[in-house]
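Going by numbering that gives the first Met the number 0, the letters in the first sequence line up with residues 0 to 836, in that order. Think of the CB as a built atom: it goes at the ideal place given N, C-alpha and C, for glycine as much as any other residue. Okay, structure first, notes after.
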Amino acid sequence: MQTMTMNPVSDPSERFLDALTDAQRSAVTHTEGPLLILAAAGSGKTRVITRRIAYLLSLGIPPWQILALTFTNKAAAEMRERVATLLEAEPESDRLTRGLTVTTFHSLCARLLRRYAAHMEGMPNWRTKPDYTIYDMDDQSALMKRVLKELELDKSQWQPRAVLSAISGAKNALQSPDEFQAQSSDYYSNTIARIYHAYERALRAANAVDFDDLLLLTVDLLRRNETARAEVQDRWRYLMIDEYQDTNQAQFILSTLLCGSNSASGVGGVRGVRGVGGVGGQPNVCVVGDPDQSIYGWRGADISNILDFESTYPGAHVIALGQNFRSTAPILAAADTLIRNNSKRKHKDLFTTREGGSPPTVVLCQDEHHEAKLIVDWLRALHDQALPDDDPDASSLTWKDMAIFYRNNALSRVLEDECRGAGIPYVIARGTAFYQREEVKDAIAYLRVVANTADDVSLRRIINKPARKIGKTTIDRLDTFAAHHELSLFKALHAADQAQDISPAACKAVAKFTGMIDSWNAGGTFMGSDIPASLADLVSRVISESKLEDHYIAASKKREDDAQKLENLRELVSSARDFELEFDPTNDPALADVPADPTQPIDEADTPPLLVMLRAYLESIALVADADAIDPTAGAITLMTLHAAKGLEFPAVAMVGLEEGLLPAQRALASEDELEEERRLAFVGITRAMSHLTISSARYRTHRGLRERTIPSRFISELPEGGITLSDQTDAYDDTARDWGAPGGGADFDNTNTPASRFKPGNRKPTPKLPGELSYEREVPDIHNLAAGATVRHPQFGVGVVASISSRGMNARATIEFRDAGKKTLVLQYARLEILE
DNA sequence: AAAACTGCATCTCAA
DNA sequence: ATGCAGTTTT
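This is how it looks when you write it as structure tokens:
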């Protein structure tokens, strides 16, 4: 047991055990040895975790000995905040939490790799210097394309996406290229092994890691380096892991290394390393999760981590939290009935204290526009609802109390249009969106090169952007030169004048470019008076001196949406400034060090402040998650994917697109396991709802340009018969679900899958034009204010009338019927159109 | 070397 | 329908 170095909180049992159920209370107070908390949806999981942390602190456990791991920054931030709130009333509450580590798996790994970079030198797959770059999917894909070219493999036969996914699988299973190769027998896997080798070599050359590497390399580090392992295990004595059902193999091994359970970690027989001072040598590891909410199997999550917890840690204590505090009885019943269809499942009883409430509604709609309209109408009605005095659930729902969930991001479009058209405020949970914009990625690529000149992917991205006379030929020659002399591309740029085949003009352009980069980081030293004074200053200088700014200023005179890009670049500067103001290297909320802690940062003491800041900034950008963007204080409806919804709750929830091939997804139809995961996904969606739930399915949906007949999701027929309200709005088909609810489920639905093109209204009652259907025509405030029916002139084709516009993204296209030239489809982004009327 | 055009593949989910 | 890459045009 630890010596008490802090003053215990006055009376912990009063303050932190107050108003808990027996099960919750025992989860909070069971502090020693392995503990598995099976927390059903809505069972007060976060409440238990935060109170458990507060309780540990109240016992006098030093805060720096506690490590809590989550999957998203948002979850970590919320947890920190709630712990702080719990301790607010205590004297010296700041000191009580100083050094407490609550962070994500990936952030923790990023920090450990940085700190122990020097310890990894000489390790077989040693790769990182402290300023490594974290590659996102785009970067990985760019790198993979180069690798494939180098190996002379056809990229249509070896799709970067598929190859990367195979490699990701290997990494999640902690397989090195050699290990992967050893168990490859056929041509396909042997080739993947070759690619894996080359890809790793390329990453290493760029001093870069991918997301999987963060975990993999940290596991490697802790397995191989006794110093790092001992320091880490010595510091953290109490480990807590949230959403344990979503951990993959790498995360599992990492957790065993962190908590010092060496037998399970593959370290084996290392003497003297016995981290975590638990009773009877048992590690103090507490994991929280729910097998019914395991929805990341496709990402390598291994549900057996949670199912086998008791055999991994013999003598583990198990506590089940089954009582639901969130949803009304009918909603919980729907969720329960659905999830019972999963056969590979340990049943647990769900029960709620929230009796009463209205049953969920299932709406059958005509098509996606109709669906969007009905959902928005439903939400509007809830919002405008008069308040009955006797029903507390009906009380004043505001926009922020509502959410719409869908299976994939493509479905958000129609819903956005409908919300916009109805004047309802909405936000889309896409935290990464900003940093994925082209112009922002460009600016960040400059910053990455400043921090890590070996980063080839970023360097290639920006070397001629904006155009600075360094063309493909020059780069190809420099590539050859670099390969010949075993230099990084950036070093080759510096030596361009020594390459025979580079023209003097090209040399000059290259020198100007390298000179610019060198001026920002003083040739990599970050020393001297000429380097930027602050991070915001650096970002600002990069944007202006790279001429990125000028480029968009010039462009924005011609193209309206280039003005937005300029705006985004300016926003990046202020984001850097905000970061700078918040960031305190001596008190990182994620990984704070405390005076008493022996593991001081070892690489940052002599590091120039600007570099420290830049590293932290780039890291924080690389690790933002979509879910991080959800701002509960915004007065708007939240639109998000079902995956992003996990862990959240809303008084009113709408789930759209419950159709075969969508939810469950096409890919899952063939496999029983994947089908069950889709069912869990639906379960997660339903259990987010506190009081109101609507589920919808559209009879027709436009897929890839084609309007297709759909089949209602089997999950709809798996909901409790009589436990829901069915509302069939597809009045063109009044016989739609006549056998609704009968045994056999999905088979009772109309299974004809006729292409809509052959659909003839014929004798059917004509469906009234839905307001939503025209929305794309009136909404499209496209860049040229073009609308169907407008008359335009094209320099080449002459005068014509716009027949239709397909808006969306940057590549909006218009089909125009020209008087002389016939029908043409033009890309609005490029076409030089003059609007006549 | 940049702008415009054409063909081809594509639609999960995401740290 | 849309986004990408490679190609043709200016």
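query, result
"I need the straight-line Cα distance from residue 550 to residue 459, nearest angstrom please.", "18 Å"
"Contact between the region 694-703 and the region 351-370: three or more CB pairs below 8 Å?", "yes"
"Buried or exposed for residue 705, please, with buried defined as at least 16 other CB atoms from any protein chain shown within 10 angstroms of its CB.", "exposed"
"Let's see if you can read the secondary structure: which residues bound the alpha helix (DSSP H) around residue 849?", "In the structure as shown, the chain starts at 0 and stops at 836, and residue 849 therefore has no counterpart that could be examined."
"Are residue 545 and residue 434 touching if we call contact CB-CB under 7 Å?", "no"
"Nearest by alpha-carbon distance to residue 20: which of 42, 35, 34 is it?", "42"
"State the start and end residues of the unbroken alpha helix (DSSP H) segment that holds residue 255.", "248-257"
"Thinking residue 526 and residue 607 are a contact (beta carbons under 8 Å), I'd like their distance in whole angstroms, please.", "6 Å"
"Nearest to residue 130 by CA position, among 147, 111, 481, 241, is which residue?", "111"
"Cβ atoms of residue 192 and residue 174: under 7 Å apart, would you say?", "no"
"Alpha carbon to alpha carbon, how far is residue 177 from residue 37? Give it in angstroms, no decimals.", "38 Å"
"Going residue by residue through the region 609-683, where are the continuous alpha helix (DSSP H) segments of at least 4 residues, counting only ones entirely within it?", "641-644"
"Ends of the alpha helix (DSSP H) at residue 419?", "411-421"
"In terms of residues, what are the limits of the alpha helix (DSSP H) holding residue 527?", "Looking at the DSSP string, residue 527 is not in any alpha helix (DSSP H), and its letter there is neither H nor E."
"Is DSSP giving residue 763 helix, strand or coil here?", "Bear in mind that the predicted position of residue 763 carries a pLDDT of just 23, short of 50, making it too unreliable to give a figure here."
"Going straight from the alpha carbon of residue 432 to that of residue 441, what length do you get?", "14 Å"
"Just how far apart, CA to CA, sit residue 456 and residue 141?", "7 Å"
"Quick one: what does DSSP say residue 15 is sitting in, helix, strand or coil?", "helix"
"Using 8 Å as the Cβ pair cut-off and three pairs as the minimum, do the region 654-666 and the region 711-724 touch?", "yes"
"Within the same chain, show all residues whose beta-carbon is closer than 6 Å to that of residue 849, passing over the 5 residues directly before and after it, in chain order.", "This structure cannot settle anything about residue 849, because the visible part of the chain is limited to 0 through 836."
"Which same chain residues, not among the five before or five after residue 868, have their C-beta less than 7 Å away from its C-beta?", "No information on residue 868 is available, as it lies outside the stretch 0 to 836 that the chain covers here."
"Could you compute how far the alpha carbon of residue 143 sits from the alpha carbon of residue 333?", "45 Å"
"What beta strand (DSSP E) runs, 3 residues minimum, are completely inside the region 127-155?", "132-134"
"With 16 as the cutoff for other CB atoms within 10 Å, does residue 398 come out buried or exposed?", "buried"
"So, with DSSP's three-state summary, where would you put residue 60?", "coil"
"Do residue 349 and residue 320 come within 7 Å of each other at the CB atom, strictly closer than that value?", "no"
"In this structure, what does DSSP give as the bridge partners for residue 106?", "Residue 106 pairs with nothing; no bridge assigned."
"Out of 562, 304, 466, 541, which one is the CA nearest neighbour of residue 572?", "541"
"Would you please state the rounded distance, in angstroms, between the beta carbons of residue 680 and residue 294? I believe it to be under 8 Å.", "5 Å"
"Nearest-angstrom Cα distance between residue 18 and residue 50?", "11 Å"
"Are the CB atoms of residue 134 and residue 207 nearer to each other than 7 Å?", "yes"
"When you compare only the Cα positions, how much space is there between residue 232 and residue 447?", "32 Å"
"My understanding is that residue 282 touches residue 33, with C-beta atoms under 8 Å, so please give their C-beta distance in whole angstroms.", "6 Å"
"From residue 675 to residue 723, what does the alpha carbon distance come to, in whole angstroms?", "22 Å"
"Is it right to say residue 663 is buried, meaning 16 or more other beta carbons lie within 10 angstroms of its own, or is it exposed?", "buried"
"Assign residue 65 to one of three DSSP states: helix, strand, or coil.", "strand"
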